[in-house]
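A.B. asks:
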Amino acid sequence: MRNVVQGVPTAPLVLGRNIPVNGKFYPAVDGAFIPGPQWAHYMHGVVGLYNHGNF
Numbered sequence: 001m002r003n004v005v006q007g008v009p010t011a012p013l014v015l016g017r018n019i020p021v022n023g024k025f026y027p028a029v030d031g032a033f034i035p036g037p038q039w040a041h042y043m044h045g046v047v048g049l050y051n052h053g054n055f
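Under our numbering, think of the first position of the sequence shown as 1, with each following residue one higher.
1) Do Y26 and G16 have their C-beta atoms within less than 9 Å of each other?
2) For G16, which three-state DSSP category applies?
3) Suppose you measure from the CA of N22 to the CA of M43; what does that come to, to the nearest Å?
4) Would you give the residue range spanned by the alpha helix (DSSP H) that V46 belongs to?
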């Protein structure tokens with residue numbers, strides 16, 4: 001199975017091995033390698049824009 005979305009880095013929930021993503025080769029990839037850091041970067045940038053209450 002191969003997921004291909006042009007210009008959008010995605011990773012399936014299952015572990016992918018030896019695959020290129022947007023021209024970069026990954027010997028092993030899952031959600032922690034590509035979408036996880038992107039999500040964290042976005043959230044750090046917008047956290048101050050919204051009332052998130054107290055946890």
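Using N, Cα and C, we set each Cβ at its ideal position, and we do this for glycine too.
C.D. replies: The short version:
1) It is a contact, given that the beta carbons lie within the stated cut-off.
2) Three-state DSSP puts G16 in a strand.
3) Going from the Cα of N22 to the Cα of M43 covers about 23 Å.
4) Per DSSP, V46 belongs to the alpha helix (DSSP H) from 35-46.
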